[in-house]
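If you read the sequence shown in full-length UniProt numbering, its first letter stands for residue 1, the second for the next number, and so on.
For glycine and all other residues, C-beta sits at the position ideal for the given N, C-alpha and C.
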Amino acid sequence: MPLTQELEFFASNGFPCPTLQNPSDHLLKTINKDFEQDIEVGLAGTRTIPTTEAIDILLSSYKSSKWNQEVQNEVAILSEKDTNPTYKRREHVGFLNQCLVLTKRSSVNMFRDIGYYWFRLVVYIALGLSIATVFYDLGTTNGSIKDRVSLIMFVSSFITLMTIGGFPSFVEDMKVFERERLNGHYGVTAYVIGNTFSSIPYFLLITIIPGVITYYPPGLRKGYEHFLYFFLFCFLV
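In structure tokens, the structure reads:
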């Protein structure tokens, strides 16, 4: 209802807007119970009534007014238009496509986020160089067995400790996953598969490069099968 019609409606029921008063303030003051004050009735304001009574008067008058009839007619017209609505079924993306999209998106995020794997790769390379220097050419004597065990234990412990470096990025990904899962975009299985496949290349990268640096200078057992075993050990850790 336009402001002019509202003022006309209020005035016709004994609540005219006083001169030099903001019409919006006058309308709000008349119907708002929070003001807790009596409302002046008539042009002269010789009589006051409570806000509750003013609201009842306006409601009763509106039900029999022409504006109410106009609103009812518009609602009836809109209801007739919506009697036979045509809804298009919203189809969800297939499970395979979900996995592919999540894998691609996760790979891009991991590539762009330095803290996810790139920082760990630099640290692992520095660690490999340090270990190669400290344990250089251990030899094949019985006394070198203790040094070899120390080397392997240090590598496994440090790799496990450095996995915490990717935790902040993982937390941010989990926030996105929780919001999108609640919205019904994909499920837990698709997310796990996508995140796993996107992580494998980076795990291979941060394993094979430091592994080569760590394995050969100390003079561990020769043969590609032994290096492959050491590589799988670091990869699984």
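Original post:
Mapping DSSP to helix, strand and coil, what is residue 256?
Top reply: Given that the chain is displayed from residue 1 to residue 237, the structure contains no residue 256 and the question cannot be resolved.
* Using a Cβ-Cβ cut-off of 7 Å (strictly less than) and excluding sequence neighbours within five positions of P23, which residues of its own chain qualify? -> L3, L7 and C17
**Prompt:** Does the pairing of the region 192 to 211 with the region 103 to 120 give three or more beta-carbon distances under 8 Å?
**Reply:** yes
For a test of the three-state rule: what should DSSP assign to T214, helix, strand or coil? helix
Cut-off 7 Å between Cβ atoms - residues of its own chain near G165, not counting five sequence neighbours on either side: G115, F119 and R120
- Query: Which parts of the UniProt domain "ABC-2 type transporter transmembrane" (98 to 237) are runs of the alpha helix (DSSP H), unbroken and 4 residues or longer, counting only runs that do not cross its ends?
  - Reply: 119 to 134, 144 to 162, 167 to 182, 188 to 215 and 224 to 236
_Cβ-based neighbour list, D113, same chain, cut-off 8 Å, excluding 5 preceding and 5 following_ = S169
Quiz prompt | Nearest-angstrom Cα separation, counted from Y117 out to Y202 | solution = 7 Å
**Prompt:** Taking the C-alpha atoms as reference points, what is the distance between F227 and I213?
**Reply:** 11 Å
**Asked** Below 8 Å between beta carbons: does that hold for P218 and F135?
**Response** yes
Item checked: When L205, A11 and I193 are compared against F111, the one with the closest alpha-carbon -> L205
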